[in-house]
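Each residue of the sequence shown is one higher than the one before, starting from 44 at the first, in the working numbering.
Note sheet for the following structure.
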Amino acid sequence: MKKLFTLILSALTAVSFASIGDTITVQAHDHVDLTWYGNYDDVVAFPAAASFEKITMDFTMGCASGGCSHWDYTVSVFLMNPTGIMDSSIVSLDTLSVEPLEVDTTWNVYEVLEKFELGRLITPYGNYMDWDQPTDPNDIFDENWERSYVFDLTDYASLLQDSALLRVHYGGWSSGFSATVNFDFIEGTPPREVLSLENMYPVGSYSYYSLVEDVHSPPFTKLIPEDAYGLAVKSIISGHAHEGPANCCEWVSKQHHISINDEQIFEWDVWKDCGMNPLFPQGGTWPFDRAGWCPGMKTDLYTAELTEFVELGEEVTLDYGLQPYSGNGEDAGLFIVSNTLFTYGEINFEYDIELTDIIKPTKKDAWSKMNPICANPVIEIRNRGSEFLTSASIQYGLEGGEMSIYEWSGGLDFMESTWVELPTPNWTGAQEDANFVVNISIDGEQYPSNNSMKSKVEIPEVLPSEFVLEFKTQQNFQSTNRAVHNSYEIYNASGDIVYQRDNDLAPNTWYKDTFQLNWGCYEFIFHDSAEDGMNEYWYYGESAGNAGKIRFRN
């Protein structure tokens with residue numbers, strides 16, 4: 044019987060290696076239960092000061108020992124940095140006498156710590172991970188469920204030294220999830236030296252009103268050192284609360300900016316497409332777009348490269364701000380804001396291309412919605428050199444098998460990155476957990492240790508040559524015809540559409556398509572133009588029987 048490969052989405056972990064330099068791994072929190080709102084601290088023994096090509100933090104989230112919470116909560120990882128400033132608070136007051144008044148006061152004297160946010164993520168709607176109720180039809184995870192979130196912390200090297208206090212802040216009000224935090228220090232040379240890093244303003248949750256009115260984030264003057272060669276701001280911003288007619292600031296896109304001398308230099312919309320969330324299914328409104336975050340994903344990081352807009356050795360006025368609020372109550376909405384200002388030394392290389400990730404094929408959690416594959420691999424490359432990058436040679440394929448070569452052309456400035464889709468390689472001999480290998484090179488390469496990477500391959504589902512696709516549209520909701528939001532296509536390995544069904548669909552109707560396809564690699568893509576998925580509107584009290592269904596059958 045003829046068979047074919049087809050893309051079925053599943054969860055995936057990538058394995059990478061460096062040709063030179065050792066990796067030092069440091070563990071902080073180890074399966075620590077996050078059971079209630081608050082701080083979970085650990086003193087970590089980081090390596091002594093050294094030169095590291097890259098530093099990454101892997102935050103692995105699992106269910107707490109009592110099960111996963113059903114709600115989306117904010118989780119932040121902070122490095123608590125000593126300031127050298129002492130403060131005190133009253134622990135107790137003991138009145139020794141009334142006349143004359145004599146009070147014995149016990150003081151708690153402590154050093155003030157400044158928190159630097161290393162990463163932020165949001166927990167998923169965990170009712171799909173409620174493994175304490177095995178009869179639940181949504182129970183598709185168990186107590187061993189875990190999810191990995193990786194953060195690049197190379198520029199924070201000066202904080203990640205010797206003994207340090209690491210804090211995981213859990214913004215939840217119920218049990219809960221667990222936190223395991225590991226750091227990898229890859230010895231080598233970073234793209235540029237970090238001369239200093241500082242918080243533009245204290246990290247925290249602020250009202251929309253206070254941010255616009257500069258209550259907590261006023262402009263400030265910064266002297267750019269004469270020996271500096273670069274300046275950048277890294278921002279982690281997420282919107283929360285449900286204020287005003289559009290439920291600001293979770294459900295509204297707002298424009299934020301970094302200004303230099305009253306001129307808005309870097310602008311971006313704090314908004315995230317949650318339909319491509321790799322952690323699915325979940326309960327609740329997980330597919331709905333939000334202000335900089337999605338349930339079960341990292342909060343977006345924005346980097347503003349400001350070097351070309353400042354004069355070295357001179358003072359500049361820096362400011363963070365956002366678009367004015369409307370007088371409709373939305374000013375009470377909240378943003379959690381972290382803006383870190385970095386001053387850099389010289390760029391270490393003129394010619395240095397970095398292979399930063401293998402997107403497809405991989406078993407890495409972040410790209411599970413795009414895998415497994417049987418057609419075009421996708422990689423991410425970055426220019427770590429000062430010279431503008433216009434071309435690269437990419438060698439790739441199954442380890443031990445025939446290698447393919449692709450000549451990439453494009454344009455990347457310093458620290459810019461891009462995804463590269465590669466022609467389909469020779470998959471002959473592919474087996475589960477085989478290694479997919481990529482090597483990249485450029486003329487004049489000065490640092491080849493970051494040019495190679497490998498990932499584990501997962502074999503896609505193999506279907507019979509004849510199968511049936513069954514699709515049930517949703518019922519109308521009030522005056523909305525949700526059926527017309529949906530359409531789908533099947534593509535072959537060449538990217539040609541071999542079948543499609545448009546959005547001229549009737550509500551509450553079963554559609555059955557029988558396919559007879561030749562041996563090959565195919566991709567099925569389903570669209571929902573309203574971006575609200577095929578679930579019922581449970582938050583409006585709609586019956587679960589109104590949900591749509593889609594399935595492959597023999």
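C-beta: ideal position from N, C-alpha, C; glycine also.
Item: Alpha-carbon spacing of Glu461 relative to Ser132, whole angstroms; Value: Before going further, note that residue 461 is Thr rather than Glu in the sequence given. Rounded to the nearest angstrom, the two C-alpha atoms are 51 angstroms apart.
Item: Residue closest to Arg525, alpha-carbon to alpha-carbon, out of Phe514, Tyr83, Asn551; Value: Asn551
Item: Where the beta strand (DSSP E) through Val75 begins and ends; Value: 75 to 77
Item: Residue burial classification, Gln543 (beta-carbon count within 10 angstroms, cutoff 16); Value: exposed
Item: Contact under 9 angstroms by Cβ, Thr386 with Gly273; Value: yes
Item: Environment of Lys315 [buried if 16+ CB atoms lie within 10 Å]; Value: buried
Item: Neighbourhood of Thr126 by C-beta, 6 angstroms cutoff - its chain only, sequence neighbours within 5 removed; Value: Val155, Glu157
Item: Cβ neighbours of Arg190 in the same chain (closer than 6 angstroms, five flanking residues each side left out); Value: Met104, Asp408
Item: Start and end residues, alpha helix (DSSP H) containing Tyr251; Value: 251 to 255
Item: Reduced DSSP category for Tyr542 - H, G, I as helix; E, B as strand; rest coil; Value: strand
Item: CB of Leu209 within 9 angstroms of CB of Gly364, strictly; Value: no
Item: Arg594 versus Glu513: straight-line alpha-carbon distance, rounded; Value: 5 angstroms
Item: Element boundaries [beta strand (DSSP E), containing Gly326]; Value: First-last for Gly326: undefined, no H or E at that position.
Item: Neighbourhood of His212 by C-beta, 6 angstroms cutoff - its chain only, sequence neighbours within 5 removed; Value: Asn82, Ser119
Item: Exposure label - Glu445; buried when at least 16 CB within 10 Å; Value: exposed
Item: Beta-carbon spacing of Glu373, Gly287 below 9 angstroms; Value: yes
Item: Residue from Gly588, Glu358, Glu450 with nearest C-alpha to Pro466; Value: Glu450
Item: Own chain partners of Val141 with C-beta closer than 7 angstroms, once the 5 adjacent residues on each side are dropped; Value: none
Item: Range of the contiguous beta strand (DSSP E) that encloses Ile279; Value: 273 to 283
Item: Delimiting residues of the beta strand (DSSP E) encompassing Ser135; Value: 117 to 140
Item: When Asp73, Phe159, Glu423, Ser522 are compared against Ala222, the one with the closest alpha-carbon; Value: Asp73
Item: Cα-Cα separation between Ala93 and Leu203, rounded to whole angstroms; Value: 10 angstroms
Item: CA nearest to the CA of Gly109, picked from Ser498, Gly588, Ser217, Met319; Value: Ser217
Item: Close beta carbons around Glu241, own chain, < 6 angstroms, minus the five adjacent residues each side; Value: Leu384
Item: Reference Leu257, options Lys406, Asn170, Gln366, closest by Cα; Value: Position check: residue 257 holds Asp in this sequence, whereas Leu was assumed. Among Lys406, Asn170, Gln366, the Cα nearest to that of Asp257 is on Gln366.
Item: Under 9 angstroms between C-beta atoms of Asp400 and Met340; Value: no
Item: Any 3 or more C-beta pairs closer than 8 angstroms across the segment 497 to 510 and the segment 466 to 484; Value: yes
Item: Neighbourhood of Val511 by C-beta distance below 8 angstroms, restricted to the same chain and skipping five residues each side; Value: Lys555, Asp556, Thr557, Phe558, Phe595, Arg596, Asn597
Item: Own chain partners of Pro180 with C-beta closer than 6 angstroms, once the 5 adjacent residues on each side are dropped; Value: Only weak support exists for where Pro180 lies, its pLDDT of 49 falling under 50; the value from the coordinates is given anyway. If we look at Pro180 and ignore the five residues flanking it on each side, it has no Cβ neighbours.
Item: CB-CB length for Glu393 against Glu348, believed under 8 angstroms; Value: So it is not a contact: roughly 18 angstroms between Cβ atoms.
Item: Cβ shell of Cys317 (< 7 angstroms), same chain only, five flanking positions each side left out; Value: Trp329, Pro330, Phe331, Asp332, Arg333, Cys337
Item: Beta-carbon proximity of Ser278 to Ile396, cut-off 9 angstroms; Value: no
Item: Per-residue DSSP class, three states only, for Asp408; Value: helix
Item: Bridge partners - Ala222, DSSP secondary structure assignment; Value: Val75, Met104
Item: Assigned secondary structure, Ser452 (DSSP; H/G/I helix, E/B strand, else coil); Value: strand
Item: Three-pair Cβ contact test at 8 angstroms for the segment 558 to 572 versus the segment 525 to 537; Value: yes
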